[in-house]
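Notes follow once the structure below has been shown.
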Amino acid sequence: MFILDIDEIRELAFEIASKETENEFDLLKKTLQEKFGILLPNGLKTAAIEKFGDVASSPILYENVTNSIIRKKIEEGENNITIKNPKALYRIGVLGFLEPVNLNLTIEGNVGNFFGAFCNFYGTWTVKGHAENGLADKGYCGKFVIDGLATELVGQNNQSTSYSHGVDILVRKGCMERAMAQARGGNLVTFGAGFNSGIYMSDGILINLGDPGEQFGSGMVGGAIYTRQGTTTGKGAVIKKLDENDYVKIKNVLKIFEQELLIENLNDFSHTNTKLILTNIKHDEIDFKEFEKIIADKNTMQ
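Quick note: the sequence shown uses the numbering used here, first residue 631, plus one each step.
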């Protein structure tokens, strides 16, 4: 287990900045290389100053340092990492591995935009807080559990290819607009989804266990959305009743998060046994007889 407290990096940067202004970046670069074995790119100095006025207060510095340390630890064989005090830092977990890596990552706090973008991993990344826009954008492989809320574009461009399944995401307190926008695979389970969720989906599954949504599935060409009755659809989507095969699909997706949701009777779930009890939310009983399916309207595709 490796623990990285980003506040320690912040303190180090500001301490150096308070003593040395002219060679601040060079000294910080040398110190981080000695302490963590990472090498900051020289262009980072110019980017930080141009966008934020100095190096020590620049989020660009901390996202680069954080991701460089994570990559370094993975290359050294570490597969359990905890990040403390992220303070909604942007682009944590943008690691750039072409092949999947083994990593369980825990974030103690909120994450900013594009957490886990382009991710490609085996394991679970848990956010003990909220997530901002673009969670797991263009993700290829991995499992995310968000304990709080997520804002727009959760699972956007979820990538299912000849060599990837896409990412599996659980958002415990719901997400905002355009969840699974342009998804080409993967799965999202959420307790509420905002306007235009499922827009331009071509594959993948979205299960909304929260209240009915609005304008789901605009421009869909594939995939499926399962949501409570009363949800409205956008142009290009149509509402259907659940059939026997839909219950199998729902069961398979929920199985991914069975441990996190503490589902009591998932093994017995079927089109003839439609109720589930989620013990992690005060024994809430969910009856999928109250759900419907949203898919692409083939008539608009002709």
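The beta-carbon is built from N, C-alpha and C at its ideal position, and this holds for glycine as well.
Asked, Found
"Would you give the residue range spanned by the beta strand (DSSP E) that Thr-857 belongs to?", "854-858"
"Just to confirm my understanding: we take Gly-828, look at its own chain, exclude 5 residues before and 5 after, and list those with CB closer than 8 Å. What are they?", "Ala-809, Met-810, Ala-811, Ala-813, Leu-836, Phe-846, Gly-847, Ser-848, Met-850, Gly-853, Ile-855, Ala-867 and Ile-924"
"Taking only three categories from DSSP, how would you classify Gly-673?", "helix"
"Check whether the stretch 773-793 and the stretch 815-826 are in contact - that is, three or more C-beta pairs closer than 8 Å.", "yes"
"Quick check: the stretch 736-744 against the stretch 705-723, are there 3 or more CB pairs under 8 Å?", "yes"
"In terms of residue numbering, what span does the beta strand (DSSP E) encompassing Asn-788 cover?", "No beta strand (DSSP E) holds Asn-788; DSSP gives it neither H nor E."
"Decide if Thr-930 is buried, meaning its Cβ has at least 16 other Cβ atoms within 10 Å, or exposed.", "exposed"
"How would you label Gln-859, buried or exposed, when you count the other beta carbons within 10 angstroms and need 16 or more for buried?", "exposed"
"For Ala-678, collect the residues of the same chain with a Cβ closer than 6 Å to its Cβ; drop the 5 residues on either side in sequence, then sort them by chain order.", "Val-685, Ser-688, Ile-690 and Leu-691"
"Check whether the stretch 788-805 and the stretch 767-774 touch, using three or more Cβ-Cβ pairs below 8 Å as the test.", "yes"
"Roughly how many angstroms separate the alpha carbons of Phe-899 and Val-695, rounded to a whole number?", "46 Å"
"Does Lys-773 come out as helix, strand or coil in the three-state DSSP assignment?", "strand"
"Determine the direct distance from the alpha carbon of Gly-726 to that of Gly-742, and round the result to whole angstroms.", "18 Å"
"Taking just the CA atoms, how far does Leu-674 sit from Glu-641?", "19 Å"
"Indicate the three-state DSSP secondary structure (helix, strand or coil) for Ala-643 in the structure shown.", "helix"
"To the nearest angstrom, how far is the alpha carbon of Asp-841 from that of Gly-804?", "10 Å"
"Sorted by chain position, which residues of the same chain lie with C-beta nearer than 8 Å to Ile-646's C-beta, five sequence neighbours on each side aside?", "Glu-654, Leu-657, Leu-658, Thr-661 and Ala-686"
"Kindly indicate which residue of Ile-700, Asn-763, Phe-744 and Gly-759 has the alpha-carbon position closest to the one of Leu-733.", "Ile-700"
"Look at Asn-875 and Thr-857 and say whether their C-beta atoms are less than 8 Å apart.", "no"
"Alpha carbon to alpha carbon, how far is Asn-709 from Pro-671? Give it in angstroms, no decimals.", "25 Å"
"Report yes if the CB atom of Ile-722 is closer than 8 Å to the CB atom of Phe-745, and no otherwise.", "yes"
"Can you round the beta-carbon distance between Asp-917 and Lys-905 to whole angstroms, since I take them to be within the 8 Å contact cut?", "5 Å"
"Hey, quick one: how far does the beta strand (DSSP E) through Phe-921 stretch, first residue to last?", "921-926"
"Give the range of the alpha helix (DSSP H) segment to which Thr-661 is assigned.", "654-666"
"Report the three-state DSSP secondary structure of Phe-745 (helix, strand or coil).", "coil"
"Which residue wins for smallest C-alpha separation from Asn-750, given the options Lys-879, His-795 and Met-631?", "His-795"
"Going by C-alpha distance, which of Val-775, Glu-807, Glu-922 and Lys-879 is nearest Phe-887?", "Val-775"
"Answer with buried or exposed for Val-731, where buried requires no fewer than 16 other C-beta atoms within 10 angstroms of its C-beta.", "buried"
"I need the DSSP call for Ile-907, collapsed to helix, strand or coil.", "strand"
"Looking at the strands, I want to know which residues DSSP matches up with Leu-872.", "In DSSP, Leu-872 forms no bridge with anything."
"Could you check where the alpha helix (DSSP H) with Tyr-752 kicks off and where it finishes?", "It is not in any alpha helix (DSSP H) - Tyr-752 instead sits in the beta strand (DSSP E) that spans 750-757."
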